[in-house]
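Peer 1: Here's a structure for you.
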Ligand SMILES: Cc1ncc(COP(=O)(O)O)c(C=O)c1O
Ligand SMILES: Cc1ncc(COP(=O)(O)O)c(C=O)c1O
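Protein chains in written order, with the numbering used here: chain Z, 2 to 504; chain B, 2 to 504; chain E, 32 to 486; chain G, 32 to 486.
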């Protein structure tokens with residue numbers, strides 16, 4: 002017998018109580034404990050082997066975990082206390098647009114009238130959903146200045162790849178076989194990765210000393226074998242590509258298409274539209290610009306909008322208005338086919354539409370204005386301790402550099418980022434974009450107040466002071482968090498990806 | 002202008018990040034900031050002074066607070082991280098029955114079919130609610146062995162006072178004017194307070210060396226002027242009043258009534274019923290026995306069930322089955338009248354019914370058995386370091402004493418309770434009941450596993466060790482919590498009850 | 032076996048073994064056989080959650096009056112206000128929901144600070160400096176106010192306007208059976224309290240309602256003067272939403288404010304759990320019922336909050352306590368702080384104004400109808416009473432068929448004749464409008480009432 | 032002005048002043064006028080939340096097929112499983128919902144550990160040691176598996192059973208336009224893949240479904256042998272719920288497992304967000320797509336979790352990355368870990384068993400009807416296909432009038448003729464039963480189908 006059972010169930014992993022680690026669900030598991038409760042169905046209980054031939058039955062029982070509902074709740078509630086989130090505080094992660102996610106949009110997505118609908122239900126029985134998709138597509142097209150869009154891509158990268166396949170389909174339809182896609186050296190990693198999967202080669206275009214695409218270099222890289230270019234505008238340093246019309250002309254002149262990576266769309270809502278800049282293909286990150294929550298890494302939604310000449314190639318079937326308030330699924334004439342198992346991340350799409358409806362055109366324009374205002378105020382406010390990589394008006398985010406701190410005190414951007422956690426702020430994006438030395442990229446977003454920006458600035462001033470007074474302490478930061486710096490090398494050296502992996 | 006605004010918005014008050022204090026809603030307030038959004042109604046906008054005579058209008062505008070929705074969310078989410086709860090871990094607070102609260106019951110209470118119903122709606126339009134109330138009343142009567150019940154009292158103390166008014170109404174109806182109510186010295190403070198409000202005098206009955214009512218003392222305290230006695234059984238030390246039948250007979254013999262304080266009902270579900278013990282009036286704490294969450298101090302529900310001879314006096318109107326599945330409001334013949342503005346804490350009542358339905362008679366019986374098993378296992382397990390005040394089989398809770406630690410090392414029960422917080426457990430109830438020196442009252446409840454009990458025991462062993470090795474450190478505990486020991490004297494000396502109080 | 036118990040058979044076996052016992056029954060062996068329940072509980076066996084959900088679906092289906100499907104014009108202390116998703120989400124945080132009374136401040140700063148903020152808001156809306164941490168509901172808060180008045184004056188007579196909600200008065204009468212208070216109810220004349228009609232000598236309290244339960248805005252200086260004349264405590268039961276625009280209890284000279292806080296983020300909930308608001312003057316602080324949270328510091332001088340002035344409370348003062356309240360309505364208080372934070376200074380003002388605008392628009396439209404007359408000719412805020420040509424309960428039933436909850440039959444509230452209503456009460460309908468009611472809904476109401484009266 | 036912006040006019044003014052600017056427009060002055068949007072956005076003005084809620088009420092009202100009111104017998108990769116309140120509450124904790132990808136492990140242990148637990152469960156259910164942290168959905172997970180096979184073999188030919196869901200195959204064809212993969216679809220004969228009918232030489236991958244999308248349990252050793260014969264990677268797309276009782280992908284010898292994780296706590300959601308399950312053998316770990324969380328320690332030797340093997344990922348490897356995935360479906364992965372924790376070892380087994388029992392009961396009842404025949408004569412798990420005397424879409428429409436969602440028209444899934452179905456596809460109905468379907472619901476289905484066919 003077992004008079005001293007394996008201890009468990011302490012809340013010392015909740016930072017409120019202590020700083021110990023939380024056992025895994027599997028360490029908490031006790032044979033024959035359970036939490037599930039199922040409906041009484043009255044269905045005749047046929048024996049498994051009367052239904053399924055023996056060779057298909059698993060001789061062993063797959064172990065999941067055996068915990069009580071009470072322990073399940075305690076475990077995941079404690080884990081949640083070990084997790085920072087937008088709801089807890091500022092999350093100025095550059096390029097990620099971690100704005101406040103309205104709870105109203107969550108409530109919309111939680112309505113059984115939306116989330117209890119089977120994706121394979123006939124259009125006649127899911128008209129509400131089709132109308133949502135059509136309405137969202139229409140509004141996204143107005144916002145971006147494009148003709149039509151697909152809502153299927155589940156995230157930005159999926160949107161990129163979809164866009165490249167559209168580019169390819171378009172050229173091939175013109176019997177025109179091209180090899181290369183241009184990408185600025187400041188581009189996000191998903192861009193080159195998507196190009197490869199799109200069957201193209203990447204040609205990297207250098208940035209100039211102003212942090213923008215070097216037009217000369219771009220032109221010399223252009224040629225009849227160039228399928229197109231992928232640009233983020235404002236770009237990943239947070240600067241607007243001022244020569245965009247020249248770039249567009251140059252690329253179009255060689256028969257290439259312009260792809261707009263919409264990750265930074267938040268900066269230009271109502272101010273300038275990709276379509277008006279000459280882009281042919283645009284993806285949007287609804288989980289950024291339209292405030293759908295990131296879920297700790299997803300889900301997102303990456304709709305792709307295109308100009309008139311690409312509409313026929315869009316993935317399908319598409320929810321389509323077929324006259325007098327009726328909607329149906331229609332496949333575009335020369336569709337490249339599905340890029341998602343069903344219709345895309347529908348509940349994320351519904352959230353985004355609700356967000357757009359609440360803001361309206363006027364509100365969305367203010368969103369961009371205030372996002373840009375915040376980024377510039379912060380850039381200006383921090384100038385003395387963290388200079389901007391390119392010191393002029395930025396858009397919705399500002400890329401600063403810790404290079405001075407590094408040369409003077411040996412304190413790296415990463416150290417500043419970690420110390421910021423102790424100050425009650427999430428870190429900015431570090432070491433991206435790659436073209437900036439010791440980059441610290443701050444994207445405050447429009448939902449943070451000037452008071453919050455000020456206290457972020459004061460926190461960074463304290464950290465700069467520590468860099469002078471006690472640089473070593475910064476290299477040890479953070480200490481107040483549930484765990485201190487983790488040994489990433491060890492994790493990679495000896496992969497332990499499951500509780501069952503040999504240790 | 003204001004280039005360096007008042008800083009704000011750090012998450013350093015979230016224990017995950019740091020241990021600073023959280024500003025108040027009022028400190029976060031900024032003129033003209035707002036979060037509210039209201040429906041567009043199209044109602045003609047009459048001017049206030051066209052509707053309300055000038056002498057009624059407030060010349061000033063009452064300041065509430067002016068924060069953005071984003072800051073509102075951050076503020077209360079951070080506060081939630083500064084709060085321990087059952088969902089985070091074990092909460093062995095004696096007499097409080099802090100068991101796990103099923104989320105299913107919360108979902109029941111969140112249904113608009115229940116929570117969007119106006120309490121003044123006619124019975125014909127709220128039949129579902131009336132059926133819930135009638136069904137719950139019936140089940141509570143079966144569980145306690147009584148004839149009928151009122152569901153109006155909003156908590157235990159309200160139930161007590163209601164019960165005393167029933168006692169009074171009963172005696173007065175018999176033209177019998179009595180003065181005193183007996184209460185054991187171990188009773189909870191609400192009992193004597195309720196007696197006073199019931200218009201009776203308290204006569205305290207001492208406990209004997211076994212922690213039970215001293216039968217001899219009780220008998221000598223009895224007399225024709227005794228209206229009744231209030232008992233908790235198991236009593237507040239967690240022991241069953243074994244002489245209950247003798248007590249009942251003695252009280253009934255002088256024409257008194259027996260009141261059962263049901264705070265400890267969790268111990269006896271399915272094992273013994275107050276009605277069968279001879280009690281005439283019983284209150285229940287649904288927020289204890291029937292797992293409705295405590296909400297940081299409320300709401301609760303304290304239904305009062307009575308024996309046949311008291312049914313006519315119950316508060317009213319009562320939801321009543323008036324034949325063939327129809328329900329209506331009926332006032333008992335000699336009702337003492339309403340004790341609540343409407344029908345009691347209805348959503349709490351609905352939760353409790355759902356809880357009873359899920360468990361059923363068999364499950365409720367197991368609840369008590371496992372609650373008692375846990376308490377006794379813990380008592381036995383801790384015997385070496387924290388002896389039981391009365392060392393024999395207890396019911397659902399065990400009252401231990403830190404007296405040895407105090408005499409040996411000068412470590413008080415309070416110090417042990419505080420140190421337990423650092424170990425990841427909520428403290429037990431300290432210094433109650435008053436009859437036990439350095440009382441530490443542990444109520445594990447049935448929803449905690451033996452693994453959790455074992456780790457609680459090990460934590461207490463570590464604390465006992467610290468008491469030996471470093472008693473001073475215990476007097477400083479807790480250190481890992483959002484705040485360390487607070488200055489209670491200062492709070493009372495100079496009351497600051499609002500953000501506007503002069504400091 | 033559907034329940035929430037972690038114990039496996041093996042756990043039970045080994046735990047009993049550790050205790051040297053054979054069976055779970057041994058744990059109860061010391062209970063006299065005579066009183067043991069031999070047969071076991073006669074309650075149906077347990078069902079799984081989805082099975083129970085199916086049973087409750089039957090109940091909810093039978094609740095036709097839900098405000099989500101039947102437009103609500105009923106008020107009388109329970110109001111259909113907007114509660115946004117953000118407030119629901121925050122007030123449902125499990126740390127707030129599943130905590131106990133904050134006995135260990137080191138791990139309860141979340142609830143303590145939220146209550147402190149709630150207290151600040153109650154003080155501001157009442158215009159009185161000393162709030163408490165909540166009471167059960169407005170009716171029981173009134174009872175605590177009467178007990179406070181008794182404590183302050185040593186007298187028993189409670190002079191209460193019948194403009195105070197009939198249920199609150201009934202609750203006051205019920206508890207007076209224990210305290211021995213003499214409850215004197217003052218009639219209304221044309222909707223206004225006829226203070227002159229009663230003898231207030233030896234009064235412990237003078238209690239007025241603002242607005243009164245029929246919606247009328249009375250000039251409270253009369254009542255205040257009466258209280259002063261007999262140096263009784265002046266107690267005002269006020270609609271806290273009205274405080275967004277109307278004078279506060281403090282401005283009217285109240286010693287004690289009580290009110291119903293349901294309007295701040297708590298759904299209609301069939302009447303509970305609601306929120307009893309309470310605040311008083313500095314002079315009465317030692318008689319304050321229930322808990323109060325105060326600001327202080329911790330051992331390292333950080334700001335901290337803690338329940339204070341505990342010496343008043345039942346667990347310490349026992350039979351001499353100012354009140355027997357222990358568990359209160361903290362979660363509703365926290366919810367109110369969140370909802371008020373969401374509304375903000377101007378949102379509350381806007382809500383109050385829109386309630387009044389909707390009510391006055393409907394009032395005007397209705398008086399244009401035949402068969403409808405105003406019960407009185409007084410100014411009102413967001414509620415008003417009508418005298419109809421048909422019994423109010425019949426009209427309510429008829430209008431419900433068109434999915435309109437027309438209001439409350441005053442006879443149902445008062446349980447028959449009441450000093451608040453002159454003449455026949457059966458035909459009196461109490462109508463309420465909140466900020467959620469649209470012009471279309473109000474116009475629909477008018478048409479449906481016309482039908483109901485002419486049918 | 033209903034939005035979520037904190038900036039007051041004064042804030043904007045002073046911030047601009049700090050920047051030495053006059054107006055917000057100055058911030059955009061460096062954008063060439065030529066491309067500026069002079070007119071402003073042509074999107075309707077903002078509405079308040081309750082106004083937008085009213086608009087959405089219109090949408091939801093038009094969704095007749097909601098499983099809460101229309102009994103769901105549709106499956107095909109999207110299942111109506113029980114999701115208890117406790118799982119919803121936990122997965123909606125805002126710390127999980129509003130966090131970004133865990134880039135700072137010191138403050139992201141909550142999400143990281145939850146993913147680690149999810150990975151462990153995926154490994155156990157797939158019988159393969161190397162899971163990832165989730166992909167978009169099953170269809171795109173299959174594409175990643177094909178890319179992995181290409182990376183492992185350098186070959187382009189993908190031999191895919193047409194028992195794989197038609198949408199998954201279509202997605203594979205779409206992405207093959209970029210990768211240049213040659214997709215070879217293998218027909219079914221009497222519901223079973225006719226591997227012999229295709230030439231697998233130079234195959235990079237052999238892909239089978241288990242059960243196949245028509246519900247059939249195929250003997251996968253044939254496919255495994257084929258993969259071995261051409262040393263191609265063996266990819267199995269399996270129903271993870273079936274793993275509660277059936278052999279795992281690993282036991283069938285798979286190199287890669289892909290599956291749809293929606294069944295674990297995610298509602299039907301009109302098809303998304305869902306959860307792409309992925310696991311592979313140790314041999315393929317360096318080609319793993321997407322993120323993976325690993326266990327390690329922090330500087331004070333406490334256990335900690337962190338995203339690892341980052342060198343494979345797009346942000347570092349760029350054009351040479353194993354995949355372009357960045358944002359994945361973490362919240363659904365966390366939800367799956369919670370739901371599986373709730374189900375536990377025996378709950379999952381019970382769910383799987385009840386699905387099979389319900390499906391076999393319905394199947395037997397239906398075959399007794401006239402006008403209904405089984406599409407094939409193979410063993411099945413929880414889904415089966417019928418050939419009806421009427422077109423499936425007409426039958427579905429007819430049965431919907433009795434609030435039964437009869438299933439899926441295979442022609443709608445496949446978009447017409449498909450190698451998975453011999454002969455006419457229009458009359459083929461795919462029927463699914465989950466553990467939530469009661470005997471009464473199933474019996475009702477039988478009656479309603481009888482009517483629909485005889486009408
Ligand atoms: C500039 C840029 N492009 C593309 C992406 C990829 O979007 P997703 O993560 O939604 O795939 C991101 C996301 O971080 C990004 O910042
Ligand atoms: C023994 C006992 N009696 C009465 C009460 C009072 O119940 P309530 O707090 O619900 O008013 C309690 C609550 O702590 C108690 O423990």
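Backbone N, C-alpha and C fix where the C-beta goes; we use that ideal spot for every residue, glycine too.
1) Say whether chain B places a C-beta atom closer than 7 Å to the C-beta of residue 76/G.
2) Where DSSP assigns a beta bridge to residue 149/Z, which residues make up the other side?
3) Whole alpha helix (DSSP H) runs in the segment 127-180 of chain Z with 4 or more residues, listed along the chain?
4) In terms of alpha-carbon separation, which member of 248/Z, 85/Z, 332/Z and 353/Z lies closest to residue 423/Z?
5) Name the DSSP beta bridge partners of residue 213/G, please?
6) List, in order along the chain, the chain Z residues whose C-beta lies closer than 9 Å to that of residue 35/E?
7) Would you say residue 9/B faces chain Z, with C-beta separation under 7 Å as the test?
8) Between the segment 168-182 of chain G and the segment 52-69 of chain Z, can you find at least three pairs of beta-carbon atoms closer than 8 Å?
9) Answer with yes or no whether the minimum CB distance from residue 117/G to chain B is below 7 Å.
10) Which residues does DSSP list as the beta-bridge partners of residue 329/G?
11) Under 7 Å between the Cβ atoms of residue 379/G and residue 96/G?
12) Could you name the residues whose beta carbon sits closer than 6 Å to any heavy atom belonging to ligand 2, keeping them in chain order?
13) Is the distance from the Cβ of residue 267/G to the Cβ of residue 244/G below 7 Å?
14) Looking at the C-beta of residue 95/G, does it have a partner C-beta in chain Z at a distance below 7 Å?
15) Where residue 119/G and residue 170/Z are concerned, what is the direct C-alpha to C-alpha distance, given to the nearest angstrom?
16) Assuming residue 260/B is part of the beta strand (DSSP E), what are its boundary residues?
17) Would you verify that the beta carbon of residue 432/B is, or is not, closer than 7 Å to some beta carbon of chain E?
Peer 2: From the atom records:
1) Translated into the one-based positions of the fourth chain, residue 76/G becomes position 45. Not closer than 7 Å to any Cβ of chain B, the Cβ of residue 76/G fails to qualify, so no.
2) Against the first chain, residue 149/Z aligns to sequence position 148. Beta-bridge pairing links residue 149/Z to 307/Z.
3) Runs of the alpha helix (DSSP H) spanning 4 or more residues and lying entirely within the segment 127-180 of chain Z occur at 128-145 and 157-174, in chain order.
4) Start at 1 with the first residue of the first chain, and residue 423/Z comes out as number 422. Closest in alpha carbon position to residue 423/Z, among 248/Z, 85/Z, 332/Z and 353/Z, is 85/Z.
5) In the fourth chain, counting from the first residue as 1, residue 213/G sits at position 182. Partner residues in the beta bridge of residue 213/G, as assigned by DSSP, are 188/G.
6) Mapped onto the third chain, residue 35/E falls at position 4. The CB of residue 35/E comes closer than 9 Å to the CB of 36, 69, 70 and 71 in chain Z, given here in chain order.
7) One-based indexing of the second chain puts residue 9/B at position 8. The beta carbon of residue 9/B falls within 7 Å of a beta carbon belonging to chain Z, placing the residue at that interface.
8) With the rule of 3 Cβ pairs closer than 8 Å, the segment 52-69 of chain Z does not count as touching the segment 168-182 of chain G.
9) As a working note, residue 117/G is residue 86 in the fourth chain. At least one chain B Cβ lies under 7 Å of residue 117/G.
10) Counting from 1 along the fourth chain, the entry for residue 329/G is found at position 298. Paired residues: 487/Z.
11) Residue mapping note: residue 379/G aligns to position 348 of the fourth chain, counting from 1. Residue mapping note: residue 96/G aligns to position 65 of the fourth chain, counting from 1. For residue 379/G and residue 96/G, no; Cβs fall outside 7 Å.
12) Any residue whose Cβ sits closer than 6 Å to a heavy atom of ligand 2 makes the list: 96/B, 97/B, 156/B, 157/B, 158/B, 189/B, 191/B, 233/B, 237/B, 262/B, 264/B, 286/B, 301/B, 303/B, 357/E and 358/E.
13) Working through the fourth chain from its first residue, we reach residue 267/G at position 236. Working through the fourth chain from its first residue, we reach residue 244/G at position 213. Against a cut-off of 7 Å, the Cβ pair of residue 244/G and residue 267/G comes out as no contact.
14) Here residue 95/G is taken as the residue at index 64 of the fourth chain, counted from 1. Interface residue (Cβ-Cβ distance to chain Z less than 7 Å): residue 95/G is classified as such.
15) In the fourth chain, residue 119/G corresponds to position 88, counting from 1. In the first chain, residue 170/Z corresponds to position 169, counting from 1. Looking at the two C-alpha atoms, the distance is approximately 42 Å.
16) Residue mapping note: residue 260/B aligns to position 259 of the second chain, counting from 1. Its beta strand (DSSP E) spans residues 258-263.
17) Indexing the second chain from 1 puts residue 432/B at position 431. Judged by the 7 Å Cβ criterion, residue 432/B is not in contact with chain E.
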